[in-house]
Amino acid sequence: MDLNFTPDEQAFRAEIRAWVAANLPQEISHKVHNALRLTKADLQGWARILGKKGWHGFAWPKQFGGPGWNSTQRHLFEEECALAGAPRIVPFGPVMVAPVIMAFGTPEQQQRFLPGIMSGEVWWSQGYSEPGSGSDLASVKTRAVRQGDKYIVNGQKTWTTLGQYGDWIFCLVRTSTEGKPQTGISFLLIDMKSPGVTVRPIVLLDGEPEVNEVFFDNVEVPADQLIGEENKGWSYAKYLLAHERTGIADVNRSKRELERLKRIAKAEGVYDDPRLRDQIALLEVDIVALEMMVLRVLAAEKSGKQPLEIAGLLKIRGSEIQQRYAELMMLAAGSFAIPFIHDAMEAGWQGDHVGAAYCAPLAGSYFNMRKTTIYGGSNEVQRNIIAQSLLGV
Ligand SMILES: Cc1cc2nc3c(=O)[nH]c(=O)nc-3n(C[C@H](O)[C@H](O)[C@H](O)COP(=O)(O)OP(=O)(O)OC[C@H]3O[C@@H](n4cnc5c(N)ncnc54)[C@H](O)[C@@H]3O)c2cc1C
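Taking the working numbering, I'd label the letters of the sequence shown as residues 46 to 438.
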């Protein structure tokens, strides 16, 4: 198995690097490199820049207006963006719902929804989880009842990431209570401006309203916003989740954050402390190992072999690594990192703080990273899936 990049792939990387350097606004990359708060304008601004180039849907085939890159090119694109300090592409539109619309939507739905996702103009949210239906997703209760040419939706979603900005939300809704829970679920696209939709923020440990509750009270949804067949939504939902877990590994971001960790340790004069160095070295080894896993997936795809079914493994390792670098940054900065100052995550913040400016936002990032082993399917549940599917336990 050849894990090296070919000369053509290296030339492709150079092209992406030059384009990102010329087009990524410096004030955005500054925030990313320092783990400062990104606004909707930052996230959508970058999405629009990518959209103009036809790269917001960087994994899309040409047929739907994407660049038609292969998996290695997509990986190189993501790596170059991450290392340059670009924000992560908000995945709900281009990475999650778009492939479902391409695979299972009608031509009319494709024409209606895909251009707004590619351009970055329309913000999508993910409405899967509900109170009591997270790991046990098939138990979703939000009800959609067909009345003529529309559905009437009642119920509640929760943990909806950045739903406060959402224009549209893709939802798993219950359309039948007959048979197994999985067989009565449908996949519905809902305009969040519809009467009866209420979004209520949930403030996380870092003080940010990053997630929301979304309530549906007799919301009327035109039936032509159903994807595929009624009661077949579970198979579309699973198709989507495989995309989510591979992305969550986000090895490229970890490579960038490892460098930030080293910068902090050097600036604090503890880079040569043998115990901290050990921890940093172990982290680096694990990041390289994760990268090798990702490259193995790419090499398998390139050689036409069956793609390796290791999305769950990538999710577990990637999310643990993200928590470890946040912890090690705290350790490197020592007592200077301990006070949690919510405002310190704002670019340009100049409040009172003992220690270097880069220490002040560290506690916020540390708290924020607690989420990574829960979202996208908790790591415990991923372990169960791996045990069954890979180890045959
Ligand atoms: C920051 C954040 C953002 C999110 N964004 C979104 C979003 O945009 N859209 C969306 O739909 N959802 C979102 N989620 C929801 C996420 O997918 C769920 O939180 C996750 O699937 C876990 O479900 P739960 O919270 O209901 O926990 P539960 O399922 O109640 O689990 C509670 C605990 O029990 C463990 N557990 C449960 N079942 C088992 C089992 N069978 N074996 C072993 N352990 C088990 C879990 O690992 C966990 O530790 C988000 C979550 C977070 C934290």
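Just so you know, even glycine gets a beta-carbon here, dropped at the ideal spot from N, CA and C.
Any idea which residues DSSP pairs residue i with across the strands?
i	result
residue 189	198
residue 142	Beta-bridge pairing links residue 142 to no other residue.
residue 111	Partner(s): none; residue 111 has no beta bridge.
residue 171	215
residue 267	195
Beta-carbon within less than 6 Å of residue i's beta-carbon, same chain only, minus the 5 sequence neighbours each way: which residues are those?
i	result
residue 426	180
residue 135	88
residue 298	127
residue 184	178 and 226
residue 101	92, 95, 139, 163 and 165
residue 416	none
residue 215	142 and 234
Verify the CB distance criterion: does residue i have a CB-CB separation below 8 Å to chain D?
i	result
residue 48	Of the protein chains in the structure, only one exists, and it is not chain D.
Could you spell out where the alpha helix (DSSP H) holding residue i opens and where it closes?
i	result
residue 246	Segment 242-247 is the beta strand (DSSP E) holding residue 246; no alpha helix (DSSP H) there.
residue 219	Run containing residue 219: none in the alpha helix (DSSP H); it sits in the beta strand (DSSP E), 213-219.
residue 71	71-78
residue 411	407-413
residue 55	52-68
Is DSSP giving residue i helix, strand or coil here?
i	result
residue 135	coil
residue 224	coil
residue 425	helix
residue 395	coil
residue 258	strand
residue 272	strand
residue 178	strand
residue 293	helix
residue 452	Because the chain in this structure spans residues 46 to 438, residue 452 falls outside the shown range and cannot be described.
residue 205	coil
residue 106	coil
residue 400	coil
residue 376	helix
residue 153	helix
residue 387	helix
residue 99	coil
residue 420	coil
residue 1	This structure gives no information on residue 1, because the portion of the chain shown stretches from 46 to 438.
residue 306	helix
residue 88	helix
I need the boundaries of the beta strand (DSSP E) containing residue i, first residue and last residue.
i	result
residue 165	That residue, residue 165, is in no beta strand (DSSP E); it is neither H nor E in DSSP.
residue 439	Nothing can be reported for residue 439: it is not among the residues displayed for the chain, which extend from 46 to 438.
residue 235	230-236
Whose C-beta lies closer than 8 Å to the C-beta of residue i among residues of the same chain, with five residues either side of it excluded?
i	result
residue 343	116, 117 and 120
residue 73	83, 87, 90, 91, 130, 131 and 132
Leaving out five residues on either side along the sequence, give the residues of the same chain with a beta carbon under 7 Å from the beta carbon of residue i.
i	result
residue 257	205, 208, 209, 244, 245, 246 and 247
residue 303	328, 329, 332 and 370
residue 251	409, 412 and 413
residue 65	125, 126, 129 and 131
Worksheet entry | Entirely enclosed beta strand (DSSP E) segments - the stretch 314-374, minimum 3 residues | none
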